[in-house]
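Protein chains in written order, with the working numbering: chain A, 22 to 456; chain B, 2 to 301.
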């Protein structure tokens with residue numbers, strides 16, 4: 022540890038000073054904060070550092086407060102400078118790290134591709150576009166923090182977030198931060214667009230549509246009488262499971278309705294209880310990390326019942342976690358395969374060349390970014406309210422086909438279909454109206 | 002169904018017990034709670050995935066599965082032992098005579114450091130264990146017990162018995178017991194306490210590595226954050242059994258696993274973690290020294 026040596030008159034007596042009253046023998050726990058001043062025989066005295074820091078507790082508090090204030094001020098200073106630069110900033114936010122990082126990456130790649138295309142064509146409003154990527158770790162609290170950061174750094178619009186539980190609180194920040202338009206590629210919880218926010222849009226469908234379709238499939242095509250329902254307690258998972266349950270109504274018995282905790286890795290307790298109820302189908306409202314483990318552990322416990330889940334599960338990671346054999350025959354609701362859409366071909370080719378295989382929501386992120394930038398370009402300004410108005414009026418011909426928003430910010434057409442997992446791939450399986 | 006839940010709980014509990022042993026051994030000797038212990042376990046799980054990933058890619062584990070798993074245990078044990086040794090040298094030994102708080106803060110620092118180190122070097126995305134473990138098992142009275150569960154139970158009991166014998170029967174074990182009773186007195190009679198402490202860290206880390214390998218196989222998914230929850234659970238187990246007490250850690254781990262498993266299935270899976278910590282609070286109120294901890298009076 023460092024020590025300071027200062028000169029002192031040689032006649033000074035040897036003394037030992039304890040910094041504050043905290044040094045009382047009764048509280049050895051705080052000893053580490055005290056200064057010990059020892060005068061050497063040579064006439065210089067030395068400040069010995071005992072423990073980690075030589076500040077007293079109150080000094081430490083003051084210092085940390087100061088450091089905190091400086092840290093808070095710094096970004097403002099920098100953005101103040103950055104505003105003079107000639108760029109238009111748009112944000113992209115989602116789970117960039119953690120168990121759902123694959124989704125965040127898909128989202129970011131899709132937006133990045135759109136932005137790079139716009140920049141090649143001289144940007145928007147004559148300025149280059151700068152992409153601000155933020156990680157919300159699918160945590161509602163962090164989503165609010167990240168949304169504030171984006172709003173403060175002058176983002177003209179945001180593509181994101183991925184999870185409904187992040188999008189809903191974040192949308193309130195964007196609303197208050199000057200009606201910053203927010204287009205989510207993936208948040209399907211109905212609540213998001215039910216609060217009358219004019220700056221909130223989604224290019225995907227809603228869980229009330231998705232849950233209804235799943236129930237229709239289970240009742241009319243599989244003709245199943247006993248289902249078990251599990252969800253992960255998130256806004257998305259619980260919302261979807263409840264929509265499914267509502268749509269099932271009395272057409273089938275819900276023999277089990279239970280909860281798992283997101284981030285948990287052991288679901289054997291819940292699965293064992295389900296095993297005793299002998300359902301014919303297990304419906305899961307949640308996302309692929311838990312879905313994969315549920316299917317894997319169910320098979321290990323000897324449960325052969327087919328699983329069904331929603332759009333949060335339709336990613337290769339699900340099959341990777343569950344293993345090909347275990348995932349076989351899992352039903353999933355999602356929109357039709359973009360590979361069969363003629364307009365998506367150009368996007369898919371470019372995406373594959375740059376980032377490899379596309380995720381379920383890559384194309385949605387790409388279209389969302391294009392819609393946002395078209396809105397800004399049509400409005401001629403970055404004012405949130407005017408851009409949002411333009412997006413509402415827009416009929417956008419994108420990679421997914423024509424996209425148009427209703428008054429709430431939902432897409433007019435959201436075709437959900439049922440997919441099946443077969444030989445380690447997702448295949449289109451059933452469309453409404455079929456047997 | 003009860004039997005199934007019992008087996009599920011015991012499997013989980015034996016893993017907790019293995020991690021808890023590391024906490025309790027270090028506490029017994031240094032009165033230090035090694036918060037970085039959970040991270041050693043996490044590194045052990047990662048090493049298992051790396052070793053078995055390589056062996057699966059080369060086709061070795063398809064023909065020699067038991068040998069491949071044994072190799073994963075050995076490699077992971079050696080590396081984690083080295084991590085434990087380094088941890089003690091770098092973060093704790095320089096602070097041996099400092100105030101008690103200093104090594105504690107150092108431990109938290111190492112925990113954060115190791116987590117981020119693994120996140121940066123291995124990526125923030127979940128790592129999936131290669132699907133090479135057969136999912137088959139045996140059926141007893143409607144409960145299916147997978148071979149993996151049997152393996153985990155047997156392996157962890159063997160390790161615990163081996164540890165027990167090591168501490169009771171060997172010279173080094175005797176030295177460890179002596180150091181934990183009174184380290185100054187032990188060094189006066191010629192025990193190299195630094196060596197004993199280093200050995201304790203290595204053994205604790207190797208047990209955590211074994212737990213890590215087993216959990217990687219059992220859950221199938223590993224990320225850089227698993228050490229945190231497992232560390233807290235194992236710490237709870239150690240306190241439950243009486244921290245510093247080796248049979249106590251084993252008992253505490255098994256009990257914790259059982260309470261979690263049975264509570265989650267018969268009461269509510271939402272409150273799985275709540276049961277574990279409720280037990281902890283009850284034990285701390287009514288038996289602060291833990292289930293097997295002795296009531297020690299003030300040292301004179």
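Every residue gets a Cβ at the ideal spot worked out from N, C-alpha and C, and that includes glycine.
These figures come from a predicted structure and were not determined experimentally.
Item, Value
"CB of residue 214 of chain A to nearest heavy atom of the ligand GTP: below 6 Å?", "In the structure shown, the ligand GTP is absent, as is every other ligand, since no ligand is present at all."
"Got a sec, what are the start and stop residues for the beta strand (DSSP E) residue 25 of chain B sits in?", "It is not in any beta strand (DSSP E) - residue 25 of chain B instead sits in the alpha helix (DSSP H) that spans 3-31."
"Roughly how many angstroms separate the alpha carbons of residue 455 of chain A and residue 203 of chain A, rounded to a whole number?", "36 Å"
"For residue 228 of chain A versus residue 264 of chain A, is the C-beta spacing smaller than 7 Å?", "yes"
"So if DSSP puts residue 197 of chain A in a beta bridge, which residue, or which two residues, is it bridged to?", "According to DSSP, which records beta bridges pairwise, residue 197 of chain A is partnered with nothing at all."
"Hey, would you say residue 221 of chain B sits closer than 7 Å to residue 130 of chain B, going by beta carbons?", "yes"
"At the level of alpha carbons, what is the spacing between residue 29 of chain B and residue 244 of chain B?", "7 Å"
"With a threshold of 7 Å between beta carbons, is residue 2 of chain B in contact with chain A?", "yes"
"Check whether the segment 238-258 of chain A touches the segment 266-278 of chain A, taking contact to mean three or more Cβ pairs, one atom from each stretch, closer than 8 Å.", "yes"
"Can you tell me where the beta strand (DSSP E) with residue 156 of chain A in it begins and where it stops?", "149-156"
"For residue 114 of chain A, which of helix, strand or coil comes out of DSSP?", "strand"
"Of all Cβ atoms in chain B, is any one closer than 7 Å to the Cβ of residue 56 of chain A?", "Its pLDDT being 41, under 50, residue 56 of chain A is placed unreliably in this model, and the value from its coordinates should be taken loosely. Answer no: the Cβ-Cβ gap between residue 56 of chain A and chain B never drops below 7 Å."
"Which term fits residue 289 of chain A, buried or exposed, when burial requires 16 or more other beta carbons within 10 angstroms of its beta carbon?", "buried"
"Residues in the same chain with beta-carbon distance under 6 Å from residue 328 of chain A, minus the five sequence neighbours each way, listed in chain order, please.", "303, 316, 351"
"Counting only C-beta atoms, is residue 438 of chain A closer than 7 Å to chain B at any point?", "no"
"When the distance is taken between beta carbons, is residue 182 of chain A closer than 7 Å to residue 122 of chain A?", "no"
"Quick check on the burial criterion: 16 or more other C-beta atoms within 10 angstroms. Buried or exposed for residue 311 of chain A?", "buried"
"On the DSSP bridge list, what partners appear for residue 274 of chain A?", "A/247"
"Between B/256, B/195, B/26, B/177, which lies nearest to residue 95 of chain B when the distance is taken from Cα to Cα?", "B/195"
"Contact between the segment 129-149 of chain B and the segment 317-337 of chain A is defined here as three or more beta-carbon pairs at a separation below 8 Å; is this criterion met?", "yes"
"With respect to the alpha helix (DSSP H) encompassing residue 443 of chain A, which residues constitute its N-terminal and C-terminal limits?", "Run containing residue 443 of chain A: none in the alpha helix (DSSP H); it sits in the beta strand (DSSP E), 438-443."
"Does residue 293 of chain B get closer than 7 Å to chain A when you measure Cβ to Cβ?", "no"
"With a floor of 3 residues, list each beta strand (DSSP E) that falls wholly inside the segment 352-401 of chain A, ordered by position along the chain.", "352-355"
"Decide if residue 83 of chain B is buried, meaning its Cβ has at least 16 other Cβ atoms within 10 Å, or exposed.", "exposed"
"Under 7 Å Cβ to Cβ from residue 9 of chain B, same chain only, skipping five residues before and after it: list those, please.", "262"
"Within the continuous beta strand (DSSP E) that includes residue 320 of chain A, where are the two ends?", "Per DSSP, residue 320 of chain A belongs to no beta strand (DSSP E); it is in the alpha helix (DSSP H), 309-321."
"What's the C-alpha gap between residue 41 of chain B and residue 284 of chain A?", "20 Å"
"Please go through the same chain and pick out, in chain order, the residues whose beta-carbon is closer than 7 Å to the beta-carbon of residue 230 of chain A, but skip the five residues on each side of it.", "435, 437"
"So is residue 335 of chain A in contact with chain B if we call contact Cβ pairs under 7 Å?", "no"
"In the DSSP output, which residue or residues are listed as bridge partners for residue 330 of chain A?", "A/305, A/353"
"Relative to the C-alpha of residue 155 of chain B, which candidate in B/212, B/189, B/99, B/225 has its C-alpha closest?", "B/212"
"Just by C-beta distance, which residues in the segment 249-272 of chain A are closer than 8 Å to chain B?", "254"
"Using the three-state DSSP reduction, which class does residue 150 of chain B fall into: helix, strand or coil?", "helix"
"Leaving aside the five residues before and after residue 111 of chain B along the sequence, list all residues of the same chain whose C-beta is less than 7 Å from its C-beta, in chain order.", "37, 88, 92"
"Can you grab the Cα-Cα spacing for the pair residue 318 of chain A / residue 144 of chain B, in whole Å?", "14 Å"
"Quick check on residue 36 of chain B: does DSSP put it in helix, strand or coil?", "coil"
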